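Numbering follows this note's numbering, in which position 314 of the sequence shown is assigned residue number 314; successive positions increment by one, without gaps.
To start, the structure itself, in structure tokens.
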Amino acid sequence: MNKIPLLLAVAALSSGALQVRADEVKLTTGLTPGEKLQVAFNSDVQLKLTWGNDTEETVNCPGGPMEIEVKDADLTISTISGKIYSLFVQGNKLSALDISKATNLRQLFAADNELTELSTTNCTLLEEVDVQGNKLTALDLQKNTKIKDINVAQNALTGSSLKLATSARVQNYVTAHNELTRAASFSMNLYEVSTLWMQHNKVTTSLALNGTENLRSLCASSNELPAITMGNAPVLKECWVENDKLTSLDFSKGAPVLETLVANDNDLSEIIYDKNCKGILDYVYIQNNALSIPSMPIIAKTGAVSHYALAPQRPYQAESSYELDTQYDLNIYNKNGFGVNSNPIFTFVNGEGYTLVKGTDYTQTATRRVTFLKSHADVMLHMTSATYYPNLEFVIGPFTVGEPSGITDVTVNSNLFVEGGVGTLTVSASSPEVLRVVSAAGQTIVAKTVANGTTTLSLPAGVYVVNGKKVLV
């Protein structure tokens, strides 16, 4: 038997079995020859660089940043020894990046380039992807089941063009400044999420955060979110949801360490706090909503927040009508969001600017139980609390009292003459008189005593009610 061919075949098979396919990355850069690529790889890997002009070189990776002089627009990076686990190519004007043969890759950092497409399908071990600041219109991560950190901010992703594996358990999820219309599935993908930043997209569906007990930072501002359902959030520290379409926020299931709440410019009429965050909550910005005292934080006394913006607020819409000779408990507007009495002063003003008189138009007990005695239309309740909310006025209404017919009669002092001009309101009084100017929205603009003589006020154009008279400015 001739043993030589058999031995040669065995040797060839053995040699082939020992060969390990090199990891390979291909890229195209807009940097010109002589400029420097800023790159980094994991340590203990030796690489061969093959440029598009057939220039070759060898580099040993220290595990930190390296500069590589550009010799051509196209570059192929392949391993001589070791494997590529981490790839850092941020800010290199890359227009193309091929990692299909870098199958051992765990970390990809390719932010601030000019990529319009990227395939991660073969990188099934990938755990971190940062491609912020590119031009991607879609990204399919459905094969990347081990992925934990995703940053695709500031791309051109639209609709539902960002796709995740159903078994992925993402911990940090950043999709800000795209045009996505839906978030990932929280029940499947994000119940372990710690950081969720999805601001400046076009998400129009409700956000259900039930079960996201690891959530520490939520930023969902500048979308079109109609609702957010909060579950128990024991480690949530910051919630940024301004410029959405929210009507309520409920943290009552648990947000004991909440430090920052930014929810201005929504349609909020209610915020329910976890009272355990009293003394921890320190930043509250909830202006430009329709909130009243029961949704306010503490800004005076023990547990007060240090940084806040609470006003202006649109009128809070409560009951649409009240009957005569029936007692109503309006003490519900006494306590703020943490159960602290604010002791507000009530002032009722009807649609013609007439201030209802206590004892004549209504009665009020010491515990703010109100009984209306006369009919009035378009009544607004103005509430002030000089001690707890200085320089703030909360408005509730409009609502109807009784069954008014036509315009409610208003008593106007004959000693006061009012005239509207271009951007001005001129008031002439023959003796000191109380002046009250109310906007069409029911907000008190001026409430003071004017001296005898002429007083001129500068006001934006609009319709105002001045001591019961409608005046056009």
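The beta carbon of each residue, even a glycine, is placed where N, CA and C say it ideally should be.
Computed from a predicted model, the values in this text were never measured in an experiment.
The beta strand (DSSP E) enclosing Val463, as first and last residue numbers
Residue 463 sits at position 463 when you count from the first residue of the sequence shown. Looking at the DSSP string, the run of the beta strand (DSSP E) that includes Val463 is 463 to 466.
Taking just the CA atoms, how far does Glu128 sit from Arg21?
On the sequence shown, position 21 is the one that residue 21 refers to. On the sequence shown, position 128 is the one that residue 128 refers to. Rounded to whole angstroms, Arg21 and Glu128 show a C-alpha spacing of 23 Å.
With a cut-off of 8 Å, do at least 3 Cβ pairs link the stretch 135 to 143 to the stretch 64 to 77?
Touching, no.
For Ser295, the three-state DSSP class (helix, strand or coil)
Taking the sequence shown and counting its residues from 1, one reaches residue 295 at position 295. In the structure shown, Ser295 sits in a helix (DSSP, three-state: H, G or I).
Quick one: using the 10 Å Cβ neighbour count with 16 as the cut-off for buried, is Asp44 buried or exposed?
The residue you call residue 44 lines up with position 44 of the sequence shown. Burial call: exposed.
To which residues of the same chain is Gln443 closer than 7 Å at the C-beta, ignoring the five residues directly before and after it?
Taking the sequence shown and counting its residues from 1, one reaches residue 443 at position 443. So the qualifying residues of the chain are Val395.
Using a 10 Å radius around the Cβ and a threshold of 16 neighbouring Cβ atoms, would you call Lys278 buried or exposed?
As a position in the sequence shown, residue 278 is number 278, starting the count at 1. Buried, by the Cβ-count rule.
May I ask you to report which of helix, strand or coil DSSP gives Asn276?
Position 276 of the sequence shown, counting from 1, holds the residue named residue 276. Correct three-state label for Asn276: helix.
Write down the C-beta distance between Val349 and Phe372 rounded to the nearest angstrom, noting that I regard them as a contact closer than 8 Å.
For the purposes of this step, residue 349 is identified with residue 349 of the sequence shown, where counting begins at 1. For the purposes of this step, residue 372 is identified with residue 372 of the sequence shown, where counting begins at 1. Actually they do not touch by this definition, with Cβ atoms about 14 Å apart.
Asn341, DSSP secondary structure in three states
Your numbering for residue 341 matches position 341 in the sequence shown. Residue state, collapsed to three classes: strand.
Using 8 Å as the threshold, is the C-beta distance between Val450 and Arg436 below it?
As a working mapping, residue 450 is identified with position 450 in the sequence shown. As a working mapping, residue 436 is identified with position 436 in the sequence shown. No, Cβ-Cβ distance for Val450 and Arg436 is not below 8 Å.
Which same chain residues, not among the five before or five after Val438, have their C-beta less than 7 Å away from its C-beta?
Taking the sequence shown and counting its residues from 1, one reaches residue 438 at position 438. These residues qualify, in order along the chain: Val349, Gly353, Thr444, Ile445, Tyr464, Val465.
Cutting at 8 Å between CB atoms, please list the residues of its own chain near Lys3, excluding the five before and the five after it.
One-based indexing of the sequence shown puts residue 3 at position 3. With a pLDDT of only 39 at Lys3, under the threshold of 50, the placement of this residue in the model should not be trusted; the figure read from the coordinates follows. If we look at Lys3 and ignore the five residues flanking it on each side, it has no Cβ neighbours.
Using only CA atoms, which one of Val174, Thr360, Val257 lies nearest to Thr195?
Taking the first residue of the sequence shown as position 1, residue 195 is located at position 195. When each option's Cα is compared against that of Thr195, the closest is Val174.
From Ala429, Leu425, Asn144, residue whose alpha carbon lies closest to that of Ser458:
Locating residue 458 in the sequence shown gives position 458, where the first residue counts as 1. Cα-wise, what sits closest to Ser458 is Leu425.
Could you pull the start and end residues of the beta strand (DSSP E) that Ser198 belongs to?
Mapped onto the sequence shown, residue 198 falls at position 198. A small fix is needed here, since residue 198 is Met in this sequence, not Ser. Taken as a continuous stretch (DSSP letters only), Met198 belongs to no beta strand (DSSP E), as it is neither H nor E.
Going by DSSP in three states, Ile332 sits in which element: helix, strand or coil?
As a position in the sequence shown, residue 332 is number 332, starting the count at 1. Three-state DSSP puts Ile332 in a helix.
Please classify Gly133 as buried or exposed, where buried requires at least 16 neighbouring CB atoms within 10 angstroms.
The residue you call residue 133 lines up with position 133 of the sequence shown. Label assigned to Gly133: buried.
Rounded to a whole number of angstroms, what is the C-alpha to C-alpha distance between Asp74 and Ala96?
Translated into positions along the sequence shown, residue 74 becomes position 74. Translated into positions along the sequence shown, residue 96 becomes position 96. C-alpha separation (whole angstroms): 9 Å.
How far does the beta strand (DSSP E) with Val473 in it reach, from first residue to last?
As a first step, residue 473 must be located in the sequence shown, where it is residue number 473. Here Val473 belongs to no beta strand (DSSP E), and DSSP marks it neither H nor E.
Could you name each continuous beta strand (DSSP E) segment of 3 residues or more that falls completely within the stretch 365 to 437, going from the start of the chain to the end?
369 to 372, 376 to 385, 389 to 401, 416 to 420, 424 to 429
Within the stretch 204 to 270, ranges of the beta strand (DSSP E) (whole runs, at least 3 residues)
207 to 209, 217 to 219, 228 to 230, 238 to 240, 248 to 250, 260 to 262
Can you tell me where the beta strand (DSSP E) holding Ala96 begins and where it ends?
In the sequence shown, the residue the question calls residue 96 occupies position 96. Start and end: 94 to 101.
Just mark Gly397 as buried or exposed, buried being the case when its beta carbon has 16 or more other beta carbons within 10 Å.
One-based indexing of the sequence shown puts residue 397 at position 397. Buried, by the Cβ-count rule.
Would you report the Cα separation of Asp474 and Ile150, rounded to the nearest angstrom?
Absent from the model: residue 474. The displayed extent of the chain is 1 to 473, so no value can be given.
What residues match up with Leu324 in a beta bridge as DSSP calls it?
By 1-based counting over the sequence shown, the position of residue 324 is 324. Paired residues: Phe372.
For Ile77, which of helix, strand or coil comes out of DSSP?
The sequence position of residue 77 within the sequence shown is 77, counting from 1. The answer is strand: DSSP assigns Ile77 an E or B state.
Given Lys71, which residues of its chain have a CB within under 7 Å of its CB, disregarding the five upstream and five downstream residues?
As a working mapping, residue 71 is identified with position 71 in the sequence shown. Cβ neighbours of Lys71 beyond the five flanking positions: Pro33, Trp51, Asn53, Thr55.
Tell me which residues share the same chain as Val152 and place their Cβ nearer than 8 Å to its Cβ, disregarding the 5 neighbours each side in the sequence.
Position 152 of the sequence shown holds residue 152. The residues are Val129, Val131, Gln132, Leu136, Leu139, Leu162, Val174, Thr175, Asn178.
So, at 8 Å on beta carbons, what are the nonlocal neighbours of Ser385 in its own chain, with the 5 sequence-adjacent residues on each side left out?
Translated into positions along the sequence shown, residue 385 becomes position 385. Ile293, Ser342, Asn343, Pro344, Ile345, Leu392, listed in sequence order.
Who are Glu24's beta bridge partners in DSSP?
Walking along the sequence shown from the start, residue 24 turns up at place 24. Glu24 pairs with Ser78, Lys101.
How about Ala165 and Lys143: are their beta carbons less than 8 Å apart?
To locate residue 165, count along the sequence shown from 1; it is residue 165. To locate residue 143, count along the sequence shown from 1; it is residue 143. Cβ atoms of Ala165 and Lys143: closer than 8 Å.
On the three-state DSSP scale, how would you describe Leu7?
Against the sequence shown, residue 7 aligns to sequence position 7. Summary for Leu7: the model assigns pLDDT 34, below 50, so the residue's position carries little reliability; its value from the coordinates is reported in the next sentence. Leu7: helix per DSSP, three-state reduction.
Starting from Val448, trace the beta strand (DSSP E) in both directions and tell me its first and last residue.
Against the sequence shown, residue 448 aligns to sequence position 448. The question names Val, but residue 448 in the sequence shown is Lys. For Lys448, the uninterrupted beta strand (DSSP E) segment begins and ends at 444 to 450.
Taking only three categories from DSSP, how would you classify Gln313?
Counting from 1 along the sequence shown, the entry for residue 313 is found at position 313. In this structure, Gln313 counts as strand in the three-state DSSP scheme.
Return yes when the C-beta of Asn134 is under 7 Å from any heavy atom of the ligand ADP, and no when it is not.
Judged by which ligands are present, the structure shown has none, so any question about the ligand ADP falls away.
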